[in-house]
Structure formats: structure tokens, C-alpha cells
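S.K.: Before I ask anything, let me first share the structure, which is written out below as C-alpha cells.
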Amino acid sequence: MKKRSLKIFIPVLISIALFVIASKKTRSCGPELAPDDYYTIFDKSIFKLPDLQPFFLSENTFADQKDGSEESETDNLKQWLKFLNGVPSLDHIEDVIYKTDQDELKKIRQYLISGDISLLPSKLKDNSFIKYLESIKSKGVMDYLIYAKQCEPEVTSGNYWEEKKKDTVLMHNLIKTGIMKYHSTKSRFIKDRYAYQAVRLAHYSGQYKMAIDLYNRFFKEKKDLSLIQYWSLAHKAGAQHSLGKLAEANLTFAHIFDKCRSRKRQCMLSIELGTDSLFNETFKLCKDNHDRVLIYTLAAYRNPDKSLKYMDLVFSLEPESEYLELLLAREVTKLERRILPTKANWEGQRYYIETNTEQTSPIDDELFNKVSSIAKTGKVKSPYLWDFASGYIATLINKTEEAKQFYFAAKKSCPKDDLSFLRRIQVAEIVSEVKGLKSIDKKAEDEISGDIIWLHELAAEEKFNAKDALVYVMNILAKKYWKQGDNIKANLCLGLRISEKNEYWGYYDNKVQNAFGYNIRNNYHLEPIDAIYKLISSKYKYDDWYRPNSEYNKKYSRFERFLIDNYLYSPSELEYIQAKSFIAKGEFGEAVKRLSPEDSYTSYYNDMTEKLPADPFVVHIRDCHDCDYNAVSINRYSVLSFSKRMLELERLAASDTANAAQYYYLIANGLYNKSYYGNSWVASAFFRRSSPWGYYDGFNRDFYDCSQAMNYYLKAMSHAKDREFAAKCLYMASKCELNSFFNSADYAQMDNIEVLSVPLKYRTSFIKLKSNYYDTKYYQEILHECKYFYNFVSR
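Listed below in C-alpha cells is the structure:
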């Protein structure tokens, strides 16, 4: 199974000055998927890049799954607070700017003129923003806010999927008003906002040249622009793009991306560097190395296949650039997602030992060579991060000796007071140590036991991504044991009790799943249940198993005890699995032993009271499980009472020969119903495939097998004194016979299932029914209800 590689477009809220160029693609509706959910040991939090968090590797448009609107509001409110000399509270400024409508704003203005408190909405009577404006006798601020609220409907839309019909006449008039207000206003802060509204209106009304001219007229280019100037510049870039000046727009977007936190996302979406010609044209416009670094970074983000090349170029120009660390983080995450186990564990534990994700490729070597060569220069902003990354990449691609050298360098160069970082290195070193094992014997187990137990304890504390590392380590060990032919320890590793929380699906049921979807109940016939039970229950044979010098501690190594102590299933749960496996085989005596053991340490947890959903001794001409489920009485059989009843019927059939036919018939019904096809299949299995037939390698033959039931039906027929009853027994035997065909190689080799022709060797009971019981009433019933028999007789 391939790991998912999907991208979801997050619509950018155009109510927050959206300037991304509209396209059919941005208006299309896509699937709603879970957030990024992969194992990761190289946690991105070690990179101190708060403004670049959205651009770490993600399947979503942005890693934080936000659209930037919150950042826009926050940054804008902070600018307003500074303009208002820090007097009002941010909440009160927000209430006026973002949470009032045009009518309410007009009432606030009237209040500031008249002083009539009754004009104010009750929610605003104690608003510190309004009180401050009253104290400085300012109405100009409210004039601007009313104007901005008039502009808002023309530049925003509540529906992402439909184009808003523009009132171009109104927008043109609003632009004229904004220009007039710009010239009549003294405050630079308010003037710039009038200018912003005019530029934005020109952009959205399709007057792209006007948008550019207005920006150039109202704003002077300088090194550090204000927030509102960056927002206005974004509309200039959008206008440049719409006029076909793509290279100029790209460089403008790059400058905004570099400096304006609240517009980074939109710039990343808007820039176009997909073709070599457009990249080269943009690159020629760069004025200095920093411009070139920006273009390399954005190109690497938009073209991940070329990111290694661009990372090298960024290093050659600005080795201490924060963008270089961003590209490093993305590359390491890419490698992790290919190498580490997937959380998509619905394929079961076998997937984690039979698939090979450890094979390296030339691109992996290229990544290691580039990152390690950069690390060795020591010229980067945080050399210890590059040493750690080099060691970790080496670990993942099986260069364990090189990994040791870089981990040593990372510990030597990292800040000595950063214990958290040192712990992360220790976690990665354990992974490297385990990956470096050629094989696992007692000596190797002794060497790694202390580290793995420490990792397990750390994982329980949810620290330093230790849980993810532990999952990877146990997967590595499981594969190594499996390769050595030790299926028992491979199971113990995958069955390690690691509770796994998935943000999208919720909590997994720890009784049947863990990080690997470990669930030996569903396919118990493929696993060494008896051997695992013997090992897991062995500790309880020693009364002092918990004491350091107990026989249990002497018999098993520290690592073996760790696996036994933390195995997902208890001895009693394993006994219950054993019991169902015996029921599947028809060995009810052995099942009863497992369901009611004498050992007190296991009996407390056996689910021997599990109720069967239907009466296991009822059958029909045509199987109707729903009928049986609906008809079942309150006093249902449990798995244990069913097993005991089957044993009782065996004894009765042997002792009461006069009624033996009835007893054999009931036994046959019980055997039929405990199979895949019966109404009480849960007596012998925990899981049932949706397809009623299909021969495939590895399927649970005991669960599908109806030969025992067929033998008892024939036995009941041979003891029958009534021909009607004999016909019923023979027909039920024919159903068992047909089921054996559906789970045979003969059926699997058939090409055309629609024109199914069952070989006569699977129709012996049908032949006998047609020849010997054609004159019975039951014959007419099955002829009417069973299409298989009807077609057989008709031919």
C-alpha cells in the first residue's frame, strides 16, 4: 500500500483582502481529509521558525491548515493599538473594527458628535476604543471605518464557489471617495488606509493599471514598509499578474512573502515559477543575493522535485538563511514519510513485516551528501541542527557509522543548556543502534534492552517524539525477527502495548489495536497463538515473578520480560482466541477448557459470557441470518453454553439411539451455524469477510469448512425413520457440499462466474434428492425456494 500523497486546497478568505488570482481550480470542491498524520522523530519544533510554520511539508495547502485571516486581523489590530497610543484594549478595538455593521458605526459617529449615550448599542457602551476617540474628539477614525465598511461588500464574498457580481459603478465612485478622503485627511495612518481601500477596489474591479498607478502615487518605496503598505503592494502584485507581467509580479510577491507574516500564504499560492522561462525571467529581475534566495526558496516549495538543487543554491548565497532551514526540514520530513511506518494500519500487522520500506534510492544518497557537506562547513545559522539532520538521515538510509559521527558532532555543538535537544539526539541514537543490528541474538537483546525500556518510559510521557521512535524501533525489530524465522518475537514486537491517538479517527480500542493495527484475533489461524499464550502466561506460573531474583527473571532476559510484560493481549484473551479456534475445528471439549480454566490468573478476564446473536440450532432452506437475529429469545446461548450443549448432544446421541437422528441433526446445525455461513459464526471467529466465498491462500479453512456438518447431516439421514426428515438432512448436506465448492481451487480457477456450472462431484446430494426424494413435500419446498436446486433439476 502506498502512503497517501494528496493535497487539499484551503480556500483563502477573500474577506481578508484576498489577492490571489481567481481560477476555476480555486473554486473547485475537493475531499475533506484528516490532517497530516505521520510518524516523525525529527520534530519540526526544533527549528525556531514561527513565521514559516505554514510551509513545513504538508498534504494540506499549509501545514497549520489556516488561511491567514487570523494573522491578518491580529497584525492589523496591533497596528491600530499602536496608533491609539496603546490606550484601548485589543478586544474593544476588535469589537468596533470587525464586529460592528455599517449602521452601528454610524451610530457611534453620531454619539461622538452629540454625546447622546442612547445612540450606542448596549454592547459598546463601555467600549474603551470609543471612549478614547471621545477623549481626543476624533470623528475622522469613524469616517474611515464607515467608508471601509461600505467597501467591504464589493471586495468580499460569503461563497467561495461562486463569482460575486461586481457593481463597477459603485466601486468606481468608492475609489473616487477614497482618493478625496486621502487628500483631506492629515493622519498618515488613516491616509494609508484610504489609499489601501482605493488600490484594493481598483484591483477587484478589474482596473489593474489604475491599481498599480494608485499604489505608486500613494506609497513611497522604502526598505521597511508598514503593514498596510504591504497589503496594498500585494494588490499591486495581483494587478501586475493580471496584466501579464508575471515576472514582475513574482518578485513583488517574493518581497511581500519575505516581510509580511499575514500575507505569506497568499504570496506562496500566487507566485508562478512552473516553467524554466518564467523562472529565468523572474531571476533576471533580482537585484541582490537575498532576492535570489527568495526566488530559489519559493521555487523549491512550488517544485519539490528540484528542492535539493535549490537548497544547495540558497546555501551558496546565504548560508545562515532561515529559508535554508525550512528547506532542510521539508526534505527530512519527505524522507521520514517514505521510510517510517505508516499510520494507515487497516491492512493489519502483516503489512508491517512483509513490506519493505527500507530500500534506499539514489535521491536518498544525494540528500545525505548535500546535507552532510553543508553541516561540515559549519557556516550555517545552527550547525548542530545540520549535524543532527545529517545523523538522522544517515540512520534512515542505513549509514549507521556515519550517523554516529554526526550525532557526536551535534551533541558537541548544541547549546549545553538545551537538554531537550540532547534527549532528541539520544532518541535518534537508539533508532540508529537498532537499525545497525545485523541480526538479533541474546547478546544484542541485552545491549539494546536498557535503551528501549527508557524509550518506552519516555513514550509514556509523550516527550521528544519518543513514541514515534518506539513504534519505528519495534517495527525494525519485528522485521528482523521475522527474517530470522522468529515469528513469536515478531508478534511480541508488533503487539507492544502502545496506545495510539489519531486526531481524525479518535482513540483506537487498545484491546484490539495499537500503533500497528495489531489484532491477531481476526486472523488467528495465521499466528502462533498457542506458542504466544505459553510464553505470555509463563510469568504467572511463578508466584514471585515480580521479584528481582525470581525464577521468572532468571529464565527470561530483561528484553524478553519487557516484551512479555507489555504485550497487548492478556493470557485470558489469548485463551479466548484459542477457544474459538477449537470451536472452528469442532473440538468443543478443548474449547470448554479454555473458556472455564482452573487457573485463577486467567479466568477473571475470559469473555465466556459473549452471547451468540441467534439460535445456533436453527436452519432454513435459504440462510436468513437477519430472520434468526430478530427471532432469537432473551435466553441466548453464550459461546460457553453453546460449546457445552454441543458436548451434551454428542453424549445424548450415543446413549439415546431412538432419538439419535434428531441429536445428530442438531449437532450438524450447530456445526453449520458456527461456520462462516451460519447465523452464529461469532462462536468461532472475531471477523467475517463480506464476500461469502472465494478461495484464497491463507484463508481460515476451519472457519469455512462445512465437512463436519455435512457428515452429521448424512449421519442423521441414515438414522432417520421419516423420509421427509431424511430429505431435509440430505438437502442440508447439499448446502455444505456446495459451500465446499465455493472455497475450493476449482471455483477459484473459473473465469466466468455469471454462467456458473458446478462440477457434479459437488452435486452428489442434489443427485440423491432428485432420484430418491422427488415424491416428498420437502422436495417441492426446496424446488420452490432454492434456485440452485431448481436450475439443477431443470437441466
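Every letter in the sequence shown is one number past the one before it in the working numbering, and letter 423, counting from 1, is 564. Positions of the beta carbon are idealized from the N, C-alpha and C atoms, including for glycine. Keep in mind it's a predicted model, so treat the numbers as computed, not measured.
When you compare each of Glu422, Arg564 and Asn841 to Leu596 by their alpha carbons, which one comes out closest?
M.R.: That would be Arg564, whose Cα lies nearest to the Cα of Leu596.
S.K.: Can you tell which of Glu245, Ile923 and Gln546 has the C-alpha that lies nearest to the C-alpha of Tyr525?
M.R.: The candidate whose alpha carbon is nearest that of Tyr525 is Gln546.
S.K.: Please decide whether Val773 counts as near chain D, where near means a Cβ-Cβ distance under 7 angstroms.
M.R.: Absent here is chain D; the protein component of the structure consists of one chain.
S.K.: On the CB-based measure, 16 or more other CB atoms within 10 Å of its CB, does Thr518 come out buried or exposed?
M.R.: The residue is exposed, with fewer than 16 neighbouring Cβ atoms inside 10 Å.
S.K.: In terms of alpha-carbon separation, which member of Met409, Val759, Glu692 and Ala826 lies closest to Glu751?
M.R.: For Glu751, the nearest C-alpha among the options comes from Ala826.
S.K.: Between Ser678 and the rest of its own chain, which residues show a CB-CB distance below 6 angstroms, the 5 nearest in sequence each way excluded?
M.R.: Only Pro712 meet the Cβ criterion.
S.K.: Just the Cα atoms here: how many angstroms apart are Thr541 and Ser580?
M.R.: Going from the Cα of Thr541 to the Cα of Ser580 covers about 15 angstroms.
S.K.: At which residue ranges does the region 221-292 contain complete alpha helix (DSSP H) runs of 4 or more residues, listed in the order of the chain?
M.R.: Whole alpha helix (DSSP H) segments, 4+ residues: 231-238, 243-255 and 269-276.
S.K.: Given a cut-off of 7 angstroms, decide if Lys377 and Ile353 are closer than it, judged by their beta-carbon atoms.
M.R.: Yes.
S.K.: Quick one, which of Cys847, Glu543, Arg404 and Tyr805 has its alpha-carbon nearest Asp192's?
M.R.: Comparing Cα-Cα distances from Asp192 to each of Cys847, Glu543, Arg404 and Tyr805, the minimum goes to Arg404.
S.K.: Less than 8 angstroms between the CB atoms is what I'm expecting for Tyr805 and Asp797, so what's the real figure, rounded?
M.R.: In fact, because the Cβ distance is near 11 angstroms, the residues do not count as touching under 8 angstroms.
S.K.: Does the beta-carbon distance from Ser448 to Glu586 come in below 7 angstroms?
M.R.: Result no, Cβ atoms of Ser448 and Glu586 do not sit closer than 7 angstroms.
S.K.: Examine the Cβ distances between the region 363-381 and the region 398-415 and report whether three or more of them are shorter than 8 angstroms.
M.R.: Output reads yes: the region 398-415 touches the region 363-381.
S.K.: State the Cα-Cα distance for the pair Thr917 and Ala809, rounded to the nearest angstrom.
M.R.: Looking at the two C-alpha atoms, the distance is approximately 22 angstroms.
S.K.: Per DSSP, what are the beta-bridge partners of Lys752 in this structure?
M.R.: Note: Lys752 sits in a beta bridge opposite Ser779.
S.K.: Compute the Euclidean distance between the alpha carbons of Cys408 and Phe394, then round it to the nearest angstrom.
M.R.: Approximately 5 angstroms between the Cα atoms of the pair.
S.K.: Nearest to Lys322 by alpha carbon, out of His344, Gly347 and Ala289?
M.R.: When each option's Cα is compared against that of Lys322, the closest is Ala289.
S.K.: So, are the CB atoms of Leu467 and Tyr180 less than 7 angstroms apart?
M.R.: Not a contact, by the Cβ cut-off of 7 angstroms.
S.K.: Give the single residue among Lys511, Phe270 and Val614 whose Cα lies nearest to the Cα of Tyr451.
M.R.: Answer by Cα proximity: Lys511.
S.K.: Do you know how far the Cα of Phe605 is from the Cα of Leu560?
M.R.: In a straight line, the C-alpha of Leu560 is about 11 angstroms away from that of Phe605.
S.K.: Measure the C-alpha to C-alpha separation of Cys927 and Ile762 and round it to an integer number of angstroms.
M.R.: Near 7 angstroms, if we compare the C-alpha coordinates of Ile762 and Cys927.
S.K.: Please name the residue in Asp205, Tyr335, Ala610 and Phe907 whose C-alpha comes closest to that of His283.
M.R.: Before going on, a small fix: residue 283 reads as Met here, not His. Nearest C-alpha to Met283: Tyr335.
S.K.: In whole angstroms, what is the alpha-carbon distance linking Lys231 and Glu275?
M.R.: Sequence check: residue 231 is Leu here, not Lys. The alpha-carbon atoms of Leu231 and Glu275 are separated by roughly 17 angstroms.
S.K.: Tell me Leu637's beta-bridge partners as DSSP assigns them.
M.R.: In DSSP, Leu637 forms a bridge with Tyr708.
S.K.: Would you mind working out which of Ser514, Ser346 and Gln338 sits nearest Phe359, comparing C-alpha positions?
M.R.: Checking every option, the nearest Cα to that of Phe359 belongs to Gln338.
S.K.: Where does Glu472 land, buried or exposed, given buried means 16+ other C-beta within 10 angstroms?
M.R.: Label assigned to Glu472: buried.
S.K.: Quick one: measure Cβ to Cβ for Thr536 and Val572, integer angstroms, because I've assumed they're closer than 8 angstroms.
M.R.: The pair is a contact, with the Cβ atoms about 6 angstroms apart (cut-off 8 angstroms).
S.K.: Out of Lys520, Ser514 and Ala607, state which residue places its alpha-carbon closest to the alpha-carbon of Ser531.
M.R.: Considering only alpha carbons, the answer is Ser514.
S.K.: Looking at Leu414 and Arg433, is the spacing between their C-beta atoms short of 7 angstroms?
M.R.: Cβ distance not < 7 angstroms, so Arg433 and Leu414 don't count as in contact.
S.K.: So, are the CB atoms of Asp205 and Pro195 less than 7 angstroms apart?
M.R.: Yes, these two residues count as a Cβ contact at 7 angstroms.
S.K.: In or out: Ala550 buried (at least 16 other Cβ within 10 Å) or exposed?
M.R.: Ala550 is buried by the Cβ-count criterion.
S.K.: Would the region 492-509 and the region 425-432 be scored as touching if the rule is three or more Cβ pairs under 8 angstroms?
M.R.: Taking 8 angstroms as the limit for Cβ pairs, the verdict is that the region 425-432 does not touch the region 492-509.
S.K.: Please determine, among Leu637, Ala850 and Thr438, the residue with the shortest C-alpha to C-alpha distance to Val614.
M.R.: Of Leu637, Ala850 and Thr438, the residue nearest in Cα terms is Leu637.
S.K.: Look at the alpha carbon of Ala795 and the alpha carbon of Leu807, and state the distance between them as a whole number of angstroms.
M.R.: Taking the straight line from one Cα to the other gives about 14 angstroms.
S.K.: For the alpha helix (DSSP H) holding Lys185, just list the boundary residues, first then last.
M.R.: Looking at the DSSP string, Lys185 is not in any alpha helix (DSSP H), and its letter there is neither H nor E.
S.K.: Please report how far the alpha carbon of Lys488 lies from the alpha carbon of Leu618, in whole angstroms.
M.R.: Before going further, note that residue 488 is Glu rather than Lys in the sequence given. For Glu488 and Leu618, the distance between alpha carbons rounds to 19 angstroms.
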